[in-house]
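*Asks:*
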Amino acid sequence: MTDQSINGLQENAPELNAYDSPLFPEIVPEQQNYGTHEHLAKRPTTISETGLPSQLLTELLIKHIHSMHVATIRELADALALSGGIVQVLIDVAKESALIENRQSLASGQMRYALSNIGEIEAEKALKSSGYISVSPVPLTQYVDIVLKQTSRNTQITKQRMQARFAELMFSEALTSAIGPALNSNKPILIYGMPGVGKSYLCRNLNLLFGDDVLIPSAIEISGNIIQVYDPQVHILSTEQDSKSPADALFSLDRGHDPRWRLCQRPLIVTGGELTEDMLEVNFDPSSRTYKAPLQLKANNGILLLDDLGRQKMSPLALFNRWIIPLEERRDFLFLPNGVHFEIPFELILLFSTNLNPAELVDEAFLRRLGYKIEFQPLEVDSYKKLWGNVCESFNLTCADVTFDYLLNTYHYTTNKPFLPCYPRDLLSIISDQVKFNELPNEVEKNLIDIAWKHYFVSQS
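When we follow the working numbering, the leftmost residue of the sequence shown carries the number -18, and every step to the right adds one.
1) Give the list of continuous beta strand (DSSP E) stretches no shorter than 3 residues that lie fully inside the stretch 61 to 111.
2) Return the bridge partner residues of residue 114 from the DSSP annotation.
3) Shortest alpha-carbon distance to residue 369 belongs to which of 357, 397, 402?
4) Can you tell me whether residue 195 is helix, strand or coil according to DSSP?
5) Taking C-alpha atoms, which residue in 329, 20, 200 lies nearest to residue 116?
6) As a quick exercise: from 140, 388, 77, 65, pick the residue whose alpha carbon is nearest that of residue 429.
7) Quick one: is residue 234 buried, meaning 16 or more other Cβ sit within 10 Å of its Cβ, or exposed?
8) Would the beta-carbon of residue 275 be found less than 6 Å away from any heavy atom of the ligand NAD?
9) Could you tell me if residue 306 is buried or exposed, where buried requires 16 or more neighbouring beta carbons within 10 angstroms of its beta carbon?
10) Mind checking whether residue 91 and residue 53 have CB atoms under 7 Å apart?
11) Ignore the nearest five residues each way along the sequence and tell me which others in residue 44's own chain have a CB closer than 7 Å to its CB.
12) Tell me, please, which residues DSSP counts as bridged to residue 424.
13) Can you look up residue 264 in the DSSP assignment and give me helix, strand or coil?
14) List the endpoints of the continuous beta strand (DSSP E) containing residue 165.
15) CB-CB under 6 Å to residue 333, same chain, minus the five flanking residues each way: which ones, in chain order?
16) Which residues does DSSP pair with residue 245 in a beta bridge?
17) Would you please state the rounded distance, in angstroms, between the beta carbons of residue 196 and residue 22? I believe it to be under 8 Å.
18) What residues are listed by DSSP as bridge partners for residue 252?
19) Inspect the CB distances between the stretch 354 to 365 and the stretch 173 to 191 and report whether three or more fall short of 8 Å.
20) Enumerate in chain order the residues of its own chain whose CB-to-CB distance from residue 13 is below 8 Å, with the five nearest sequence positions on each side excluded.
21) Rounded to a whole number of angstroms, what is the C-alpha to C-alpha distance between residue 426 and residue 179?
22) If we ignore side chains and look at the alpha-carbon of each, how far apart do residue 191 and residue 216 end up?
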């Protein structure tokens, strides 16, 4: 699309120079309340308030019309996540540039629009340049500002909160007393211990400790390039966002936050042995012609868990080296395949989890950089018994003390099996299956423990 085609909008939308670095003053987020999400991300009412280049908005508009063939303002407002007023201005200027034509209106009186021949040509050019056809992005400057204001460093984790959240796993007081301060420190945390001690379970629920929701953009714009951020596979919409009518919320000018942002639970991004170096950089998908956000960008304002450390194709040393500067400066330096460089906040909690001996992964100097190293141990017998009882209740089973003692004396003590938190749920799941299949009373019997143990553990004979 030529500049002449959109010169009626150009003066209102500033371009962002990605090589400038005004984004990161020496900011230490204060303990302050930034108000509602509506205040944090105000709805734009004009093109200039979107913070986006007008050419980008116009190209996105005609790509949507190209995809829909014929569209109303309401449909376009929904697709772009912009107010009907902004969309109307975009349409008016596009019509003046002969990109859009009127079509017969609906019975409701809503005007419909389609692309002209010139508009079709311009839309195809835009699609060849960028395959992104979705909600309007937010500018990088706004993204930085909101991420810093939503930092988890504004929330204090207390012992009471930890114990309430993880009571069902019977973690020892020593363990919760170590993890809580580690989370408050915002230093990287290495969690290690034998398989089955509850490392993954705890890590996969830590984001819920903060008890609040955050705004995550559908995409961000950097020097005319669009990077998708919101990922429905990893970002969980809050119940508040899920209960709203998207069409009504998008078309309204006077309620709710900027709909280019999704209200979600604090993200928890988990990656394990599949992690490769390119997953930590912006990637261009040639099939869709779109940019994909790296893991740490998706995890901002939440937790990034690198599980099963030591099993990745990247060496632990290379992995730790990748995080040295982001961890120290609370910012990450990224670049697009086309050469554009930019910075993003590194406002996340970085967790490493491994079943291996940390000393075998990296040297002592690197371990010191991790800040906190927390070892998970098997449960004590009393905690194991409480956990067994809790899991029995969840399966609607009862278990007599003598039957639990049978489990200990016949199997745990004779085979030297530690009291791992994973055993009760796994064994009782098998017992529950037997009860249902054989139409037995909902009671754990010794013979059912025999069956469960036999099916769960591999015979050494």
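Note that beta-carbon positions come from the ideal geometry of N, C-alpha and C, so glycine has one too.
The model shown is predicted, which means the values in this text are computed figures rather than measured ones.
*Replies:* Let me spell this out:
1) 81 to 84, 93 to 96
2) Beta-bridge pairing links residue 114 to no other residue.
3) 402
4) strand
5) 200
6) 388
7) Residue confidence for residue 234 is low, a pLDDT of 45 falling below 50, so the modelled location carries little weight; the figure read from the coordinates is stated next. Per the 10 Å Cβ criterion, exposed.
8) The ligand NAD is not part of the structure shown, which contains no ligands of any sort.
9) exposed
10) yes
11) 104, 107, 108, 114
12) 379
13) strand
14) Not the beta strand (DSSP E): residue 165 falls in the alpha helix (DSSP H), residues 154 to 166.
15) 171, 287, 290
16) 195, 218
17) 6 Å
18) 287
19) yes
20) At residue 13 the pLDDT is 41, less than 50, meaning the model places this residue with poor confidence and gives no usable figure here.
21) 26 Å
22) 16 Å
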